[in-house]
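When you line the sequence shown up against the numbering used here, it's residues 93 to 908, in that order.
Even glycine gets a Cβ: it sits at the ideal position worked out from N, Cα and C.
Owing to the predicted nature of the structure, the values given are computational and were not obtained by experimental measurement.
What follows is a single structure, written as structure tokens, with notes after it.
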Amino acid sequence: MDTGPLRKILDLEQKKGYQDSAVFGGLDRFLQNWSGQAVESVVSPQLLKRFRQLFKADYASMTVEQRREWINSILGFLADLEGKGSLDRPPVVSPVATPVKKSIPKVKKQSVPAGGNSLDSPVTVVRGISTSLAGKFGKLGVKTVRDLLYFFPHRHLDYSKIKFISQLAEGEEQTIVANVWQAQETRPGGRRSTEAIVGDETGNIRVVWYNQPYLVKKLVTNTRIVLSGRVSVFKGRHVFQSPEWETVESQDFVHTARLVPVYPLTQGLRPRSVRKLMKEFIDQWAWQITDFIPPELRDRLDLLKLPVAISQAHYPEDAVTKNRARTRLAFDELFLLQLGVMHKKRDWQEGRPGSPFDVKQPLVEEFLKSLPFKMTAAQDKVLGEILADLGESRPMCRLLQGEVGSGKTVVATAALLVAAANGFQGAFMAPTEILAEQHFNTVCELLSRVGQGEGEGYLRSYSGILSRPLKVALLIGDIKQAGKREIRKYITEGEIDIVIGTHALVQKGVDFHKLGLTIVDEQHRFGVEQRSALREKGFNPHMLVMTATPIPRTLALTLYGDLDLSVLDELPPGRQTVKTKWLKPEQRESAYAFIRRQVAEGRQAFIICPLIEESEAIVAQAAVVEYERLSREVFPDLRLGLLHGRLSAADKDAVMDSFRSGELDILVSTPVIEVGIDVPNATVMHVESADRFGLSQLHQFRGRVGRGREQSYCMLLAENPSEVGRERLDIIENVQDGFQLAEEDLRLRGPGEFFGTRQSGLPDLRMAGISDVALLEKARNEAINLFQIDPALKRAEHKLLAQELSRVWSGSGEWS
Ligand code: ADP
Ligand code: MG
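See below:
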């Protein structure tokens with residue numbers, strides 16, 4: 093930022109006798125504009141405060157004397173600014189934490205690991221953070237100084253608009269500045285509390301702080317305080333209930349009179365102390381972070397500088413700056429994500445050539461003809477896209493997105509057949525054992541339509557399809573050691589053509605003879621790492637990733653920029669809309685009665701037990717209890733089965749088989765049932781504690797029914813849903829379309845949580861949200877441009893970016 097032009101204008105204005113004639117349109121307009129741009133360059137909080145105060149002035153309405161004084165003070169300020177070099181240039185970041193500027197409160201001498209960057213030091217180097225406090229932050233995932241800088245508030249309370257007492261309205265978040273007239277201890281409902289009467293020139297108001305009798309001493313009569321909070325009405329009069337407050341002398345407001353951050357908390361972290369700590373911390377440390385976005389790019393996109401964005405994301409000057417901060421930080425996330433995935437794609441596709449298949453196989457035609465149904469147009473199109481990829485020597489990297497029940501498995505089977513016909517092995521990986529088994533059964537069933545089956549259990553053989561018998565195996569953790577050894581051996585020897593399994597497939601000891609195609613089902617449950625681990629098992633095999641989560645296209649391109657996209661946007665004809673109802677706890681009995689009636693008509697039902705966020709063992713235990721209760725007290729005359737993750741493979745198998753064949757009326761299950769299960773005669777999905785599940789998950793549950801000809805139903809029970817829980821239930825009740833649901837889910841949860849990027853090896857998305865489609869496109873385009881100019885980020889101006897990229901992606905272990 094160049095202060096020259098402003099100086100010149102102010103000089104001119106002085107020469108012209110303070111007539112507000114130095115610039116066209118008046119000085120106020122000019123200043124507003126200039127300060128708007130300059131503010132982001134002021135990197136010290138102290139100077140920023142002076143800056144704000146100075147530039148708030150209304151020049152047009154000043155007297156000549158006032159104008160003279162004011163211009164002098166501005167010039168003084170500019171001199172200070174220049175003198176400290178704090179305009180334009182953020183302080184040079186040294187690897188060791190040193191106080192950057194005199195005006196910033198001294199940073200305590202800190203011990204920094206040798207050669208380490210101060211931002212990677214543990215939070216205990218921050219003044220005010222003890223080991224025990226660090227432990228509490230640790231629970232929130234905050235370990236290092238950098239984590240703490242990126243420990244953003246959930247939201248901000250808008251206490252920025254100061255009102256007179258006479259203007260206060262019920263319910264809103266409001267702020268007043270008032271005098272304390274009197275304060276005393278009271279005991280409403282037996283709780284020792286403080287009650288005060290405060291007033292301004294327009295009136296008085298009563299304030300109550302429950303359980304805080306010690307405030308009496310602090311609220312000395314005639315203290316001027318700022319109060320922020322909601323106002324309620326008690327006995328016809330306004331009253332502030334436990335508002336935030338601080339004295340006017342504090343000047344630098346933390347809890348009131350501004351946009352006040354609301355931080356995530358955990359036991360032992362109190363809002364007021366976290367806020368205070370964060371304010372001091374941000375003021376001291378934000379300036380030490382290096383901006384890794386090249387200045388050219390930052391200017392072109394009009395992005396805030398990183399230190400400014402970080403501090404404004406915590407303690408914003410105003411709503412506009414807060415949004416700019418969010419935009420900058422969201423851009424970073426999306427940009428780095430996009431750069432990372434593009435790199436991966438390049439590594440995969442250009443690193444080593446894959447194996448082109450001969451895709452003109454009469455076998456495919458024959459297979460399609462054997463199906464009991466006609467492929468949908470969407471299935472035909474997608475299969476065409478896959479076959480085209482398989483014919484190339486560049487390995488396929490494709491994401492197949494298809495709504496629940498859109499028929500992805502058939503398409504996958506056709507692709508596996510093509511691999512086998514070309515003498516290559518195919519691997520099909522599912523997220524759960526139950527689903528792997530189901531895929532195994534489905535694939536075998538489909539193959540038995542074109543060939544003669546032989547064998548039982550986890551190893552089967554089909555003749556009449558290829559010139560030799562085609563062998564299919566199931567590999568999951570639960571198969572007995574001897575069996576697993578046998579399958580592994582066959583895989584290594586190339587005896588097995590198609591192997592279906594869980595992540596057991598990517599474990600050590602599984603060595604493929606000639607892996608040519610890998611298919612990963614239900615992508616969002618697997619991490620990038622597993623995806624590539626499977627890939628590494630082959631000689632750069634073709635890869636198909638399938639997901640039932642409809643991802644908005646732009647986001648898909650960003651998150652899975654390493655994959656080409658195919659969409660099954662059509663359901664097979666005759667699918668029912670599942671009638672969905674959100675039930676109150678008192679309606680549970682009628683829900684059970686409804687299940688009973690459906691069973692009487694020959695249908696079957698699922699009952700999903702509550703989600704418990706603890707160990708699998710505890711979840712299983714809860715399911716056992718619920719199963720016993722239902723069997724004994726509710727449905728003693730019906731046939732119930734129980735399914736949970738702790739059962740052995742054989743037991744799971746047995747339960748699923750008897751449910752599939754109609755020997756069971758009701759299947760009580762933990763959420764393991766969520767994906768893929770296909771039992772067309774089941775018409776009722778009953779979900780307990782439905783408010784605890786995400787929308788996409790509820791949609792998956794619902795997708796387990798409505799797969800046959802009969803009208804199906806989804807009943808969602810919720811005891812005491814939170815606000816978000818209620819919103820979700822309301823949406824799932826009214827929206828059937830998976831794509832729309834995914835959008836809603838994204839809106840409610842944000843993509844980070846939605847995709848579980850934390851577990852998946854993708855960098856976190858915290859700031860970027862669904863409303864960011866435009867930003868997403870911008871980030872994507874910029875990443876593509878940059879990638880064209882400097883793919884390896886070798887240029888000097890991209891050095892910091894390259895560092896940041898490898899830091900952010902280091903979790904995935906793939907970035908080099
Ligand atoms: P998803 O995409 O959810 O994995 P599946 O592959 O499990 O879907 O298919 C769901 C059901 O639809 C299966 O019972 C399958 O046999 C059936 N199906 C698949 N394609 C068609 C089609 N074109 N017409 C009719 N039914 C189909
Ligand atoms: Mg499926």
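Determine the burial state of residue 689: buried for a count of at least 16 other Cβ atoms within 10 Å of its Cβ, exposed for fewer.
That one is exposed.
From the DSSP output, in three-state form, read off residue 166 for me.
Helix, per DSSP.
Alpha carbon to alpha carbon, how far is residue 682 from residue 311? Give it in angstroms, no decimals.
C-alpha separation (whole angstroms): 57 Å.
Quick check on this structure: which residue in 554, 568, 569 has the alpha carbon closest to the alpha carbon of residue 562?
Nearest C-alpha to residue 562: 554.
Should residue 555 be flagged as near chain B, meaning a C-beta pair shorter than 9 Å?
Among the chains of the structure shown, chain B does not appear; only one protein chain is present.
Taking the alpha carbon of residue 317 as the point to measure from, which residue in 763, 877, 291 has its own alpha carbon closest?
Ranking the options by Cα distance to residue 317, first place goes to 291.
Alpha carbons only, please: which of 357, 270, 738 is nearest the one belonging to residue 314?
Among 357, 270, 738, the Cα nearest to that of residue 314 is on 270.
Below 8 Å, is the gap between the Cβ of residue 494 and the nearest heavy atom of the ligand ADP?
Yes, the beta carbon of residue 494 sits closer than 8 Å to at least one heavy atom of the ligand ADP.
Which residues does DSSP list as the beta-bridge partners of residue 544?
555.
DSSP three-state call for residue 184: helix, strand or coil?
Residue placement at residue 184 is flagged as unreliable, the pLDDT there being 31, under the threshold of 50; the coordinate-derived value follows with that caveat. Note: residue 184 maps to coil in three-state DSSP.
Take residue 769 and list the residues in its own chain whose beta-carbon comes closer than 6 Å to its own, dropping the five residues that flank it on each side.
Correct list, in chain order: 796.
May I have the straight-line CA-CA distance separating residue 48 from residue 761, to the nearest angstrom?
Past the edges of the chain, shown from 93 to 908, lies residue 48, and the structure says nothing about it.
Using three-state DSSP, classify residue 781 as helix, strand or coil.
Three-state DSSP puts residue 781 in coil, outside helix and strand.
Could you check what DSSP says for residue 698 in three-state terms: helix, strand or coil?
In this structure, residue 698 counts as strand in the three-state DSSP scheme.
Return yes when at least one heavy atom of the ligand ADP lies under 8 Å from the C-beta of residue 502, else no.
Yes.
When DSSP builds the beta bridges, which residues end up paired with residue 39?
Missing from the structure shown is residue 39; the chain here goes from 93 to 908 and no further.
Given a threshold of 16 other Cβ atoms within 10 Å of its Cβ, counted over all protein chains shown, does residue 592 qualify as buried or as exposed?
With 16 or more Cβ atoms within 10 Å of its Cβ, residue 592 is classed as buried.
My assumption, with CB atoms under 8 Å, is that residue 523 sits in contact with residue 613. Please give the rounded CB distance.
With 8 Å as the limit, residue 523 and residue 613 qualify as a contact, their Cβ atoms being about 7 Å apart.
Is DSSP giving residue 227 helix, strand or coil here?
Looking at residue 227 - three-state DSSP - the assignment turns out to be helix.
For residue 322, which beta-bridge partners are listed by DSSP?
Bridge partners of residue 322: 265.
Considering just the uninterrupted stretch of the beta strand (DSSP E) at residue 588, what are its terminal residues?
Residue 588 -> no beta strand (DSSP E), and no H or E assigned at all.
First and last residue of the alpha helix (DSSP H) that includes residue 390?
Its alpha helix (DSSP H) spans residues 387-392.
May I ask you to list the residues that DSSP assigns as paired with residue 808?
Answer is 674, 779, bridged to residue 808.
With respect to the alpha helix (DSSP H) encompassing residue 764, which residues constitute its N-terminal and C-terminal limits?
Here residue 764 belongs to no alpha helix (DSSP H), and DSSP marks it neither H nor E.
Just curious, the alpha helix (DSSP H) that residue 537 is in, first and last residue?
Segment 525-539, the alpha helix (DSSP H) holding residue 537.
Please determine, among 118, 659, 419, the residue with the shortest C-alpha to C-alpha distance to residue 871.
When each option's Cα is compared against that of residue 871, the closest is 419.
Considering only heavy atoms of the ligand ADP, does any lie closer than 8 Å to the CB of residue 498?
It does: the Cβ of residue 498 is within 8 Å (strictly closer) of some heavy atom of the ligand ADP.
Return yes when at least one heavy atom of the ligand ADP lies under 8 Å from the C-beta of residue 770, else no.
The answer is yes for residue 770.
Alpha carbon to alpha carbon, what distance is there between residue 215 and residue 107?
The alpha-carbon atoms of residue 107 and residue 215 are separated by roughly 54 Å.
I'd like to confirm the pairing. Which residues does DSSP put opposite residue 330 in its beta bridges?
Residue 330 is bridged to 325.
Take residue 120 and list the residues in its own chain whose beta-carbon comes closer than 6 Å to its own, dropping the five residues that flank it on each side.
So the qualifying residues of the chain are 151, 152.
Under the three-state reduction of DSSP, which class applies to residue 189: helix, strand or coil?
With a pLDDT of 31 at residue 189, under the threshold of 50, the modelled position of that residue is not reliable, and the figure given next carries that caveat. Here residue 189 sits in coil by DSSP.
Which residues in the same chain as residue 918 place their Cβ atom closer than 6 Å to its Cβ, once the five residues preceding and following it in sequence are excluded?
Coverage of the chain is limited to positions 93 through 908, which leaves residue 918 absent and any answer about it impossible.
If you follow the beta strand (DSSP E) that residue 637 is part of, which residue opens it and which one closes it?
Note, residue 637: beta strand (DSSP E), 634-639.
In this structure, does DSSP put residue 750 in helix, strand or coil?
If DSSP states are grouped into helix, strand and coil, residue 750 belongs with the helices.
Can you find the residues in the same chain that come closer than 8 Å, C-beta to C-beta, to residue 228, ignoring five residues on each side of it along the sequence?
The residues are 358, 359, 360, 361.
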